[in-house]
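Undergrad: Before I ask anything, let me first share the structure, which is written out below as structure tokens.
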Amino acid sequence: MVPTSSQEVFIQGVTLEGKTFRPSDWAERLAGVMSPFRPGGAQPGSHLSYSPWCIPTTMAGVKCVVVHRDLRDHEPMAWDFVMNFAKDNRLQVAEVCLLPDPPRAA
């Protein structure tokens, strides 16, 4: 489904037909469900923050969830859940490599 050369996969809130996916808070909901899946496992209070392996964001006005491949390595069933969510809802998935922000001028 998704090649393995990058470290992140973007699930975009746009269907394969080009329609905006609803509900509008889908990315936050998906990332919230994935919050226990994190380095070191779930900890008390970890449900109050997103997992570093599954982060909701907006890019160019499109809601997205950035899913890190470490999720697949540490929690294969959670990875399958997220990828099947995208497939079942016909969401666009893009393999990406995030670049660090350039250093700020002093």
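In this text, residue positions in the sequence shown follow our numbering: the first is 2, and each later residue adds one.
Note that CB positions come from ideal geometry on N, CA and C, so glycine has one too.
1) Pop quiz: L72 and F22 are said to be a contact at Cβ under 8 Å. What is the actual Cβ separation, rounded to whole angstroms?
2) Taking C-beta to C-beta, are E9 and V97 nearer than 8 Å?
3) So who's on the other strand from Q13, going by DSSP bridges?
4) May I have the straight-line CA-CA distance separating V68 from W54, to the nearest angstrom?
5) Which same chain residues, not among the five before or five after R39, have their C-beta less than 8 Å away from its C-beta?
TA: Once the coordinates are examined:
1) Position 71 of the sequence shown, counted from the first residue, corresponds to residue 72. Position 21 of the sequence shown, counted from the first residue, corresponds to residue 22. With 8 Å as the limit, L72 and F22 do not qualify as a contact, their Cβ atoms being about 21 Å apart.
2) To locate residue 9, count along the sequence shown from 1; it is residue 8. To locate residue 97, count along the sequence shown from 1; it is residue 96. It is a contact, given that the beta carbons lie within the stated cut-off.
3) Within the sequence shown, numbered from 1, the residue matching residue 13 stands at position 12. In the DSSP secondary-structure assignment, Q13 is bridged to C65.
4) Along the sequence shown, read from residue 1 onward, the residue named residue 68 stands at position 67. Along the sequence shown, read from residue 1 onward, the residue named residue 54 stands at position 53. For V68 and W54, the distance between alpha carbons rounds to 5 Å.
5) Sequence index remark: in the sequence shown, residue 39 carries index 38 (1-based). Correct list, in chain order: S47, S52, P53 and W54.
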